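Q: Could you have a look at this structure, given as structure tokens, before my questions?
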Ligand SMILES: Nc1ncnc2c1ncn2[C@@H]1O[C@H](COP(=O)(O)OP(=O)(O)OP(=O)(O)O)[C@@H](O)[C@H]1O
Ligand SMILES: [Mg+2]
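Residue numbers (our numbering): 3 to 519.
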């Protein structure tokens, strides 16, 4: 044992001697250079290459660092020995991350890589407009030199994509509004946001099942259609027009769409937008994978038929909440400077918003307009490419009624007697009640299911009878739809210069522009 201590002491002595010798040979100014040289020689002979991804790149946050952190929080890292837990703002999910100075193996296309999370204290606080964190953080990626060109670019792209997916999945949907009337927040954003937790889904939506499937497939095709849109040279966006009587589920449909695709919603309040350039700025500040909604567009935009109006034969329109406006008058506060295109929103401005060059900034955007009066809209706004799908939200049909009975009372079709079902089927079409009206009856009696069905049947019968007495002929949903389309066709011939005008008109071109509000 004594011998052991003696040899250890002499070894330490030799080490101390070597160190002082090194200090004499390599003065401090040379020591750093020699370390660098040693590192270089090591790198030449090493079969690995290393990539540092620092948290802060100059003064900006490095997007890639955040992406790697999120990516490593997916299932790969859960097997790590030490993990850090995070819950981000606006998120209800907890994510796992790699702890400080911990490392983890990952593989991509059969190639193994090593990630190390490097955390070190920040030594000198360099001048910066914003305070930097006390610790320097970064990820170091180690890849075999021979694999570098094989995977590096595609691996990093894959990480960015995966991180975006995780972010979207973890983060609550957001509902944005421009209710501040054009003023910007401290970060220069014109939109205000709140967490969006609307429970409406396609399961709870009472519409005909075939129509529902058609819409869901259309949405899925859109969301998965990146290569299609690229191949065909089309902007990656889609327009839906939801029209029909109040209380038929237009707003609920928008919420269901957002929940189905995991998109945020931008609820555009046109009455708060003062001119076309403000509209464009709002559009520029919307993110990809979002639904941009203009509700009750017939109230925000002047009457549809410009020829008719210019001939002075425009009818009165509903401005919402029972207020009527003459064709020349606008709802809201959009028209500040009368006919001056610079001071008001115009139809061409709105068309550019949905269809022009600006509409595709950010890509993967859905535009949804809703209206109770489709016949009042300008055909230029409705043409394909702008509003790709026109969805009629009808009065409650029999299949939709079955969905409501299931949602509100937990009744399957088989739970009800054939006779009751037959009666419901006979009367629901004639009653012309909206899903909103029907759900009210069901909610009122939800404690007593039998009573709820009885009362619903009674209400439907009374309504149906009233309709027959009042109208003589009952306007069925399909007739309503046809009637609306006929009205539109009569009011605005398709070959007319209206559409052409709207397509061609440039911003600021007063002859062509249609003022809104
Ligand atoms: N098709 C439907 N399926 C399920 N619930 C519905 C449906 N339509 C209406 N409802 C219910 O009625 C309420 C009102 O519906 P919603 O606001 O979606 O109607 P809307 O068509 O947007 O009406 P408005 O034209 O007045 O804006 C919702 O809270 C929803 O619960
Ligand atoms: Mg609505």
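All residues carry an ideal CB built from backbone N, CA and C; glycine is no exception.
Keep in mind the model is a prediction, meaning the values are calculated, not measured.
Over the uninterrupted alpha helix (DSSP H) stretch that includes residue 280, give me the two end residues.
A: Residue 280 -> alpha helix (DSSP H) spans 278-286.
Q: Would you call residue 249 buried or exposed, if buried means 16 or more other Cβ atoms sit within 10 Å of its Cβ?
A: Buried is the call here.
Q: Less than 7 Å separating the beta-carbons of residue 411 and residue 453?
A: It is not a contact, given that the beta carbons lie outside the stated cut-off.
Q: Cβ of residue 140 within 6 Å of any heavy atom in ligand 1?
A: Because no heavy atom of ligand 1 lies under 6 Å away, the Cβ of residue 140 does not count as near it: no.
Q: Between residue 314 and residue 236, what straight-line distance do the alpha-carbon atoms span, to the nearest angstrom?
A: The predicted model places residue 314 with a pLDDT of 37, which falls under 50 and marks its position as unreliable; any figure quoted below should be read in that light. For residue 314 and residue 236, the distance between alpha carbons rounds to 39 Å.
Q: Under a three-way DSSP split, which group does residue 138 fall into?
A: Strand at residue 138.
Q: From residue 514 to residue 150, what does the alpha carbon distance come to, in whole angstroms?
A: Residue confidence for residue 514 is low, a pLDDT of 37 falling below 50, so the modelled location carries little weight; the figure read from the coordinates is stated next. Distance between the alpha carbons of residue 514 and residue 150 is about 57 Å.
Q: Heavy atom of ligand 2 less than 6 Å from the Cβ of residue 252, yes or no?
A: For ligand 2, at least one heavy atom lies less than 6 Å from the Cβ of residue 252.
Q: Can you find at least 3 beta carbon pairs, one from the stretch 253-269 and one from the stretch 213-227, that sit closer than 8 Å?
A: Taking 8 Å as the limit for Cβ pairs, the verdict is that the stretch 213-227 does touch the stretch 253-269.
Q: For residue 242 and residue 391, which I take to be in contact (beta-carbon distance under 8 Å), what is that distance rounded to the nearest angstrom?
A: So it is a contact: roughly 5 Å between Cβ atoms.
Q: Give a single yes or no on whether residue 441 has its beta carbon closer than 6 Å to a heavy atom of ligand 1.
A: It does: the Cβ of residue 441 is within 6 Å (strictly closer) of some heavy atom of ligand 1.
Q: With distance defined between alpha-carbon atoms, name the residue in 279, 413 and 108 nearest to residue 352.
A: Nearest C-alpha to residue 352: 279.
Q: Quick check on the burial criterion: 16 or more other C-beta atoms within 10 angstroms. Buried or exposed for residue 268?
A: Buried is the call here.
Q: May I have the straight-line CA-CA distance separating residue 199 from residue 43, to the nearest angstrom?
A: Cα to Cα, the separation comes out at about 57 Å.
Q: Please determine if the stretch 202-222 and the stretch 289-302 are in contact, where contact requires at least 3 C-beta pairs separated by less than 8 Å.
A: Contact fails: fewer than three Cβ-Cβ distances are below 8 Å.
Q: In angstroms, rounded to a whole number, what distance separates the CA positions of residue 423 and residue 463?
A: Whole-angstrom Cα-Cα distance: 13 Å.
Q: CA-CA distance, residue 440 and residue 102?
A: Spanning the two alpha carbons is a distance of roughly 57 Å.
Q: Expressed to the nearest angstrom, what Euclidean distance is found between the alpha-carbon atoms of residue 389 and residue 383?
A: If I take the Cα positions, the gap works out to 7 Å.
Q: Determine, using beta carbons only, whether residue 192 and residue 291 come nearer to each other than 7 Å.
A: Taking 7 Å as the Cβ cut-off, residue 192 and residue 291 do not qualify as a contacting pair.
Q: With a threshold of 6 Å, establish whether the CB of residue 270 neighbours any heavy atom of ligand 1.
A: Result no, Cβ not under 6 Å from ligand 1.
Q: Decide yes or no for the touch test of the stretch 369-384 against the stretch 168-181: beta carbon pairs closer than 8 Å, at least 3 of them.
A: Verdict: no, contact absent.
Q: Restricting to Cα atoms, I'd like to know which of 144, 71, 121 and 122 is closest to residue 53.
A: For the residues 144, 71, 121 and 122, the minimum Cα distance to residue 53 belongs to 144.
Q: Might you give, ordered along the chain, the residues of its own chain that have their beta carbon closer than 7 Å to the beta carbon of residue 252, omitting 5 neighbours on each side?
A: So the qualifying residues of the chain are 244, 246, 372 and 395.
Q: Just mark residue 141 as buried or exposed, buried being the case when its beta carbon has 16 or more other beta carbons within 10 Å.
A: Buried, by the Cβ-count rule.
Q: In the DSSP assignment, find the unbroken beta strand (DSSP E) run with residue 106 in it and report its ends.
A: It spans 105-110 - the beta strand (DSSP E) in which residue 106 sits, taken as one unbroken run.
Q: Run the CB neighbour count on residue 295, radius 10 Å, all protein chains shown included, and call it buried at 16 or more, exposed below.
A: When all chains shown are included, residue 295 counts as buried.
Q: Taking the Cβ atom as the reference point for each residue, do residue 347 and residue 281 lie within a distance shorter than 7 Å?
A: The answer is yes: Cβ separation under 7 Å.
Q: Rounding to the nearest angstrom, what Cα-Cα distance links residue 431 and residue 69 in this structure?
A: Going from the Cα of residue 431 to the Cα of residue 69 covers about 53 Å.
Q: Across which residues does DSSP place residue 195 in a beta bridge pair?
A: 178.
Q: For residue 55 versus residue 66, is the C-beta spacing smaller than 7 Å?
A: Taking 7 Å as the Cβ cut-off, residue 55 and residue 66 qualify as a contacting pair.
Q: Find out if the Cβ-Cβ distance for the pair residue 466, residue 433 is shorter than 7 Å.
A: The answer is yes: Cβ separation under 7 Å.
Q: Measuring alpha carbon to alpha carbon, tell me which residue in 469, 436, 468 and 419 is nearest residue 455.
A: When only C-alpha atoms are compared, the closest one is 419.
Q: Sorted by chain position, which residues of the same chain lie with C-beta nearer than 6 Å to residue 165's C-beta, five sequence neighbours on each side aside?
A: Excluding residues within five positions, the ones whose Cβ falls inside 6 Å are 69, 72 and 73.
Q: Would you kindly work out how many angstroms separate the C-alpha atoms of residue 397 and residue 230, rounded to a whole number?
A: Each residue's alpha carbon lies about 35 Å from the other.
Q: Hey, would you say the C-beta of residue 354 is under 6 Å away from at least one heavy atom of ligand 1?
A: Residue 354 Cβ: outside cutoff for every heavy atom of ligand 1.
Q: Can you name, in chain order, every residue of its own chain whose Cβ lies under 7 Å from the Cβ of residue 11, other than the five neighbours on each side?
A: Cβ neighbours of residue 11 beyond the five flanking positions: none.
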